[in-house]
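S.K.: So the sequence lines, in the order shown, correspond to chains V and L.
Each residue of the first sequence is one higher than the last, beginning at 1 in full-length UniProt numbering.
Each residue of the second sequence is one higher than the last, beginning at 1 in full-length UniProt numbering.
A virtual CB, placed ideally from N, CA and C, is assigned to each residue, including glycine.
Just so it is clear, the structure is predicted and the values come from calculations on it, not from any experiment.
Below is the structure I would like to discuss, written out as structure tokens.
Protein chains: 2
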Amino acid sequence: MDIATRVWNHKWKIDPIVRSLIDTDFYKLLMCQSVFRKRPATKVTFSLINRSAHVPLARLIDEGELREQLDHIRSLSLSRGESTWLRGNTFYGKRQMFRSDFMEWFEGLRLPPYHLERVGDQYELTFEGAWPEVMLWEIPALAVLMELRGRAVLHDMGRFELQVLYARAMTKLWQKIERLREVPDLRIADFGTRRRHSFLWQDWCVQAMIEGLGARFTGTSNCLIAKNRDLEAIGTNAHELPMVYAALAADDEALARAPYDVLADWHEEHEGNLRIILPDTYGTEGFLSRAPDWLVGWTGIRIDSGDPAKGAEAAIRWWRERGEDPREKLIIFSDGLDEERIRSLAEQFSGRVRLSFGWGTLLTNDFRGLAPEDRLAPFSLVCKAVAAEGRPTVKLSDNPNKAMGPADEIARYKRVFGVGTQERLAVEV
Amino acid sequence: MDIATRVWNHKWKIDPIVRSLIDTDFYKLLMCQSVFRKRPATKVTFSLINRSAHVPLARLIDEGELREQLDHIRSLSLSRGESTWLRGNTFYGKRQMFRSDFMEWFEGLRLPPYHLERVGDQYELTFEGAWPEVMLWEIPALAVLMELRGRAVLHDMGRFELQVLYARAMTKLWQKIERLREVPDLRIADFGTRRRHSFLWQDWCVQAMIEGLGARFTGTSNCLIAKNRDLEAIGTNAHELPMVYAALAADDEALARAPYDVLADWHEEHEGNLRIILPDTYGTEGFLSRAPDWLVGWTGIRIDSGDPAKGAEAAIRWWRERGEDPREKLIIFSDGLDEERIRSLAEQFSGRVRLSFGWGTLLTNDFRGLAPEDRLAPFSLVCKAVAAEGRPTVKLSDNPNKAMGPADEIARYKRVFGVGTQERLAVEV
Numbered sequence: 001m002d003i004a005t006r007v008w009n010h011k012w013k014i015d016p017i018v019r020s021l022i023d024t025d026f027y028k029l030l031m032c033q034s035v036f037r038k039r040p041a042t043k044v045t046f047s048l049i050n051r052s053a054h055v056p057l058a059r060l061i062d063e064g065e066l067r068e069q070l071d072h073i074r075s076l077s078l079s080r081g082e083s084t085w086l087r088g089n090t091f092y093g094k095r096q097m098f099r100s101d102f103m104e105w106f107e108g109l110r111l112p113p114y115h116l117e118r119v120g121d122q123y124e125l126t127f128e129g130a131w132p133e134v135m136l137w138e139i140p141a142l143a144v145l146m147e148l149r150g151r152a153v154l155h156d157m158g159r160f161e162l163q164v165l166y167a168r169a170m171t172k173l174w175q176k177i178e179r180l181r182e183v184p185d186l187r188i189a190d191f192g193t194r195r196r197h198s199f200l201w202q203d204w205c206v207q208a209m210i211e212g213l214g215a216r217f218t219g220t221s222n223c224l225i226a227k228n229r230d231l232e233a234i235g236t237n238a239h240e241l242p243m244v245y246a247a248l249a250a251d252d253e254a255l256a257r258a259p260y261d262v263l264a265d266w267h268e269e270h271e272g273n274l275r276i277i278l279p280d281t282y283g284t285e286g287f288l289s290r291a292p293d294w295l296v297g298w299t300g301i302r303i304d305s306g307d308p309a310k311g312a313e314a315a316i317r318w319w320r321e322r323g324e325d326p327r328e329k330l331i332i333f334s335d336g337l338d339e340e341r342i343r344s345l346a347e348q349f350s351g352r353v354r355l356s357f358g359w360g361t362l363l364t365n366d367f368r369g370l371a372p373e374d375r376l377a378p379f380s381l382v383c384k385a386v387a388a389e390g391r392p393t394v395k396l397s398d399n400p401n402k403a404m405g406p407a408d409e410i411a412r413y414k415r416v417f418g419v420g421t422q423e424r425l426a427v428e429v
Numbered sequence: 001m002d003i004a005t006r007v008w009n010h011k012w013k014i015d016p017i018v019r020s021l022i023d024t025d026f027y028k029l030l031m032c033q034s035v036f037r038k039r040p041a042t043k044v045t046f047s048l049i050n051r052s053a054h055v056p057l058a059r060l061i062d063e064g065e066l067r068e069q070l071d072h073i074r075s076l077s078l079s080r081g082e083s084t085w086l087r088g089n090t091f092y093g094k095r096q097m098f099r100s101d102f103m104e105w106f107e108g109l110r111l112p113p114y115h116l117e118r119v120g121d122q123y124e125l126t127f128e129g130a131w132p133e134v135m136l137w138e139i140p141a142l143a144v145l146m147e148l149r150g151r152a153v154l155h156d157m158g159r160f161e162l163q164v165l166y167a168r169a170m171t172k173l174w175q176k177i178e179r180l181r182e183v184p185d186l187r188i189a190d191f192g193t194r195r196r197h198s199f200l201w202q203d204w205c206v207q208a209m210i211e212g213l214g215a216r217f218t219g220t221s222n223c224l225i226a227k228n229r230d231l232e233a234i235g236t237n238a239h240e241l242p243m244v245y246a247a248l249a250a251d252d253e254a255l256a257r258a259p260y261d262v263l264a265d266w267h268e269e270h271e272g273n274l275r276i277i278l279p280d281t282y283g284t285e286g287f288l289s290r291a292p293d294w295l296v297g298w299t300g301i302r303i304d305s306g307d308p309a310k311g312a313e314a315a316i317r318w319w320r321e322r323g324e325d326p327r328e329k330l331i332i333f334s335d336g337l338d339e340e341r342i343r344s345l346a347e348q349f350s351g352r353v354r355l356s357f358g359w360g361t362l363l364t365n366d367f368r369g370l371a372p373e374d375r376l377a378p379f380s381l382v383c384k385a386v387a388a389e390g391r392p393t394v395k396l397s398d399n400p401n402k403a404m405g406p407a408d409e410i411a412r413y414k415r416v417f418g419v420g421t422q423e424r425l426a427v428e429v
């Protein structure tokens with residue numbers, strides 16, 4: 001496959017970006033099944049949020065092209081091979097991870113309508129409806145926006161420029177991988193679907209990880225790539241679960257309990273490596289100090305915001321205080337990783353805890369410095385649950401720059417969860 | 001064109017390396033015409049010399065494959081389009097550079113037989129016969145050996161490895177070109193045919209120069225690429241002329257005169273930018289001090305061995321001493337160039353003299369550091385006139401590591417040309 005040539009040949013055509021309902025993160029399907037069982041009728045709103053206001057998406061991306069891509073996604077349904085793979089595969093050592101009722105529902109699913117409106121230089125893109133359906137928009141919507149923005153830039157480049165561009169991007173990634181080969185006992189997975197440069201590029205990045213890291217590369221969050229390349233599909237759960245549970249809470253007491261209710265439901269469904277705590281939605285510190293004892297027995301913690309070393313130290317301290325041996329616990333780093341941070345975190349925590357890395361945007365979209373005016377640099381685009389049953393959701397995170405929700409609700413959540421002053425860190429990608 | 005894929009697909013086939021008689025350096029054809037007119041019957045021997053003994057060519061390259069490639073070259077003849085291009089094109093502003101009698105002869109030419117023998121880990125490859133025919137073996141023979149050695153290494157690489165390899169090589173070259181864009185008033189040509197990594201790769205390098213340097217890239221020494229890409233074919237004359245003339249000299253007096261006899265013949269045939277002195281065959285210093293006055297009027301000097309800055313300073317001094325304005329003269333650097341040396345030479349001589357660069361091996365074969373054990377690094381392979389009419393040729397050069405010939409003849413030449421102690425410099429490529 002010659003990516004430059006493919007890009008050149010396809011840049012005048014529609015060329016669907018998302019060609020499969022399983023071209024999405026594995027944890028979306030895990031969470032979807034959970035929601036399908038527990039909260040199938042909950043009405044939610046997901047909304048696209050471009051944290052990088054300097055990227056004028058509506059000027060870069062033609063509305064008609066965006067609609068074509070989104071309409072194409074709405075035309076997709078699970079193929080027989082995809083269904084077989086989901087039904088028959090062993091995930092995290094478990095057969096029939098996806099139950100028949102869920103699979104039957106999923107086989108019949110088409111994604112619900114979207115609402116798209118241009119507002120200034122940005123698009124307002126929202127999805128409303130039943131939670132299990134709407135939530136599946138997140139990853140393809142992000143991937144479409146990211147790739148269309150990339151195409152808008154690539155469109156102005158000549159064939160030779162494209163060849164040099166991809167040569168440089170390949171060289172850059174390969175250099176990172178060579179640096180990562182030096183990390184002893186590395187375990188690392190691809191978490192880069194949502195903000196990838198393109199599907200083809202993500203697929204190449206995964207190949208590079210396979211070639212360069214062998215068994216140290218543990219798999220990909222992308223189900224389609226996992227299926228095509230016979231890899232492990234990787235992932236557990238995300239912020240949307242506590243965010244929606246919290247929004248639905250009737251009062252402050254229920255709100256305080258919501259993050260644990262989520263994990264209680266999860267506990268019931270999953271074991272082993274799927275029992276991973278994501279503690280930062282409303283502040284890691286408070287979450288851990290108030291956590292019930294049964295959570296201490298979980299396999300690990302995913303650190304997704306704030307200073308990752310501080311978060312990991314807090315987790316280690318917490319396990320120790322609760323009588324657990326951190327060396328038997330797993331810490332998954334998944335925020336803002338690049339090879340140097342991976343190396344330094346590995347060095348700091350190796351031997352003290354089991355480690356795993358979920359490498360995202362700077363694996364699958366590190367085109368920084370490769371195009372004029374850096375127009376291909378990745379940017380911070382998210383698609384989040386912003387409301388549930390008409391009530392706004394809130395995320396505090398361990399980095400106030402990642403917080404979201406109405407100001408009064410943020411204040412209430414901070415009070416309920418006892419979150420004090422937080423360190424403000426730049427959100428890179 | 002995806003080079004990695006082409007390499008992958010072709011590595012099991014014969015895939016001719018040299019597919020045209022004009023896949024050679026332009027100056028070979030200029031010199032050939034000159035020799036065809038002045039010394040058509042001179043019997044010469046050309047021989048392959050691998051100055052890099054650590055590269056065991058006969059262990060890397062199968063003798064049968066080498067013979068197939070050489071036999072293929074013997075099957076080539078000038079195509080109609082090639083002949084039309086040579087006859088009809090304007091070279092250095094001159095129409096009909098190649099006269100009808102020469103073109104008729106060239107159209108009927110097949111390259112003469114070769115003699116190939118394995119000696120230890122090296123090949124002895126020699127060509128004997130009439131000078132105008134034998135001399136045309138030099139460039140294709142070198143290109144075949146270089147590319148077969150490369151193929152031997154590539155053969156062990158997987159498809160993904162090949163993709164990364166070429167991505168890295170492209171990135172490396174592009175970085176060099178970006179550095180060269182910063183050089184004011186740069187004039188640079190491709191001189192990299194003989195020791196290129198491969199034909200496809202040279203062609204890509206030329207494209208990169210076109211894209212990156214625009215009009216600052218003045219052309220290529222490779223006639224086939226010049227023809228295909230509508231570029232200027234670049235080149236003048238080389239050491240083989242004085243070497244053979246010198247070998248034929250009847251006595252010491254004739255020997256001392258030989259380098260000037262060569263240029264007197266050249267003077268008769270060519271003007272303007274083709275009047276370029278190559279002064280180092282028997283020592284630049286002596287050559288210039290004894291040069292007749294009509295040579296001072298020539299357009300420029302090519303510096304092809306020794307410390308290039310010292311050589312250029314010597315040329316500038318010489319012009320000044322003989323009453324010429326160096327700012328109207330041209331210096332062509334063509335030895336061991338890479339982007340940093342080009343930059344520093346440009347900085348040192350810009351404004352003092354007109355400058356041009358003939359960038360060779362490190363343009364078209366800089367695979368240093370890109371393969372395990374550096375097995376794709378370029379090496380110093382030459383194919384030289386070693387005898388004329390049964391008499392050995394001698395080259396002293398401005399770098400004794402580039403000298404060649406029998407010891408007693410070298411001593412005699414040093415005496416005749418008054419060459420004293422020379423600085424010994426590493427021959428890189």
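Between which residues of its own chain and L/L370 is the CB-CB distance below 8 Å, once the five residues before and five after are set aside?
M.R.: Cβ neighbours of L/L370 beyond the five flanking positions: L165, R168, A169, K172, L376.
S.K.: Could you tell me whether the Cβ of V/W319 comes closer than 8 Å to any Cβ of chain L?
M.R.: No - not a single Cβ of chain L is within 8 Å of the one on V/W319.
S.K.: Hey, quick one: how far does the beta strand (DSSP E) through L/E268 stretch, first residue to last?
M.R.: No beta strand (DSSP E) contains L/E268, which is instead part of the alpha helix (DSSP H) from 252-269.
S.K.: Any chance the segment 394-404 of chain L sits against the segment 203-218 of chain L, with 3 or more Cβ pairs inside 8 Å?
M.R.: Output reads no: the segment 203-218 of chain L does not touch the segment 394-404 of chain L.
S.K.: My understanding is that V/Q348 touches V/A314, with C-beta atoms under 8 Å, so please give their C-beta distance in whole angstroms.
M.R.: About 14 Å; that fails the 8 Å criterion.
S.K.: To the nearest angstrom, how far is the alpha carbon of V/W319 from that of V/E117?
M.R.: Computed Cα separation, rounded: 47 Å.
S.K.: Examine chain B for any beta-carbon lying closer than 8 Å to the beta-carbon of L/M170, and answer yes or no.
M.R.: The displayed structure is made up of protein chains V and L, and chain B is not among them.
S.K.: For L/M146, which residues from the same chain have a beta carbon less than 6 Å from its beta carbon, with the 5 sequence-adjacent residues on both sides left out?
M.R.: These residues qualify, in order along the chain: R195.
S.K.: Label V/R149 either buried or exposed according to how many other C-beta atoms from any shown protein chain fall within 10 Å of its C-beta, with 16 as the threshold for buried.
M.R.: By the 10 Å Cβ count, V/R149 comes out buried.
S.K.: Tell me whether L/V206 sits in a helix, a strand or coil according to DSSP, three-state version.
M.R.: Looking at L/V206 - three-state DSSP - the assignment turns out to be helix.
S.K.: Are V/R352 and V/P372 touching if we call contact CB-CB under 8 Å?
M.R.: For V/R352 and V/P372, no; Cβs fall outside 8 Å.
S.K.: Which residues in chain V have a C-beta closer than 8 Å to the C-beta of L/Q163? List them in chain order.
M.R.: Within 8 Å Cβ-Cβ: M170.
S.K.: Looking at chain V, which residues of the segment 185-215 of chain L have a Cβ within less than 8 Å of any of its Cβ atoms?
M.R.: Answer set for the segment 185-215 of chain L: Q207, A208, E211.
S.K.: Where does the unbroken alpha helix (DSSP H) through L/Q69 begin, and where does it stop?
M.R.: Taken as a continuous stretch (DSSP letters only), the alpha helix (DSSP H) holding L/Q69 covers 63-74.
S.K.: Please identify the residue among V/I277, V/D338, V/A208, V/I225 whose C-alpha is closest to the C-alpha of V/T236.
M.R.: Ranking V/I277, V/D338, V/A208, V/I225 by Cα distance to V/T236 puts V/I277 first.
S.K.: Based on DSSP bridge pairs, tell me the residues matched to L/A411.
M.R.: According to DSSP, which records beta bridges pairwise, L/A411 is partnered with nothing at all.
S.K.: Chain V partners of L/D2, CB-CB under 7 Å?
M.R.: Going along chain V in sequence order, the residues near L/D2 (Cβ under 7 Å) are D2, T5.
S.K.: At a Cβ cut of 7 Å, what residues of the segment 274-293 of chain V count as close to chain L, listed as they run along the chain?
M.R.: The residues in question: there are none.
S.K.: Name the chain L residues whose beta carbon is nearer than 9 Å to that of V/A367?
M.R.: It is worth fixing the name first, because residue 367 of chain V is Phe in this sequence and not Ala. What V/F367 touches in chain L: nothing, since even the nearest Cβ is about 13 Å away.
S.K.: Roughly how many angstroms separate the alpha carbons of L/L362 and L/W204, rounded to a whole number?
M.R.: Cα to Cα, the separation comes out at about 14 Å.
S.K.: Can V/A407 and V/A247 be called in contact, C-beta distance under 8 Å?
M.R.: No, the pair does not count as a contact, with Cβ atoms beyond the cut-off.
S.K.: Please list, in chain order, the chain L residues whose beta carbon lies closer than 7 Å to that of V/F160.
M.R.: Q207, E211, listed in chain order.
S.K.: Pop quiz: L/I14 and L/E68 are said to be a contact at Cβ under 8 Å. What is the actual Cβ separation, rounded to whole angstroms?
M.R.: About 6 Å; that satisfies the 8 Å criterion.
S.K.: Could you give the DSSP three-state label for V/M103: helix, strand or coil?
M.R.: If DSSP states are grouped into helix, strand and coil, V/M103 belongs with the helices.
S.K.: For L/S77, does the three-state DSSP call read helix, strand or coil?
M.R.: Correct three-state label for L/S77: coil.
S.K.: Please classify V/F91: does DSSP put it in a helix, a strand, or coil?
M.R.: Reduced to three states, the DSSP call for V/F91 is strand.
S.K.: With 8 Å as the threshold, decide whether the Cβ of L/W174 is near any Cβ in chain V.
M.R.: Closer than 8 Å: yes.
S.K.: Between L/A387 and chain V, is the shortest Cβ-Cβ distance under 8 Å, so that the two count as touching?
M.R.: False, the Cβ-Cβ gap to chain V never drops below 8 Å.
S.K.: For the alpha helix (DSSP H) containing L/E389, list its first residue and its last residue.
M.R.: No alpha helix (DSSP H) holds L/E389; DSSP gives it neither H nor E.
S.K.: Among V/E211, V/I410, V/G272, V/D252, which one has its Cα closest to the Cα of L/F160?
M.R.: The candidate whose alpha carbon is nearest that of L/F160 is V/E211.
S.K.: In terms of alpha-carbon separation, which member of V/Q422, V/Q122, V/D62 lies closest to V/G286?
M.R.: It is V/Q422 whose Cα lies nearest to the Cα of V/G286.
S.K.: Which term fits V/K402, buried or exposed, when burial requires 16 or more other beta carbons within 10 angstroms of its beta carbon?
M.R.: Burial call: buried.
S.K.: Where does V/K402 fall in DSSP's three states?
M.R.: V/K402 falls in the helix class under three-state DSSP.
S.K.: Give every residue of the same chain whose Cβ lies closer than 7 Å to the Cβ of L/I3, excluding the five residues on either side of it in the sequence, and list them in chain order.
M.R.: Y166, L200, W201, W204, listed in sequence order.
S.K.: Which residues of chain V have a Cβ atom closer than 8 Å to the Cβ of L/A312, listed in chain order?
M.R.: Correct list: empty, because the minimum Cβ distance to chain V is about 33 Å.
S.K.: What first and last residue would you give for the alpha helix (DSSP H) that runs through V/S221?
M.R.: Segment: none, V/S221 is in no alpha helix (DSSP H) and carries neither H nor E.
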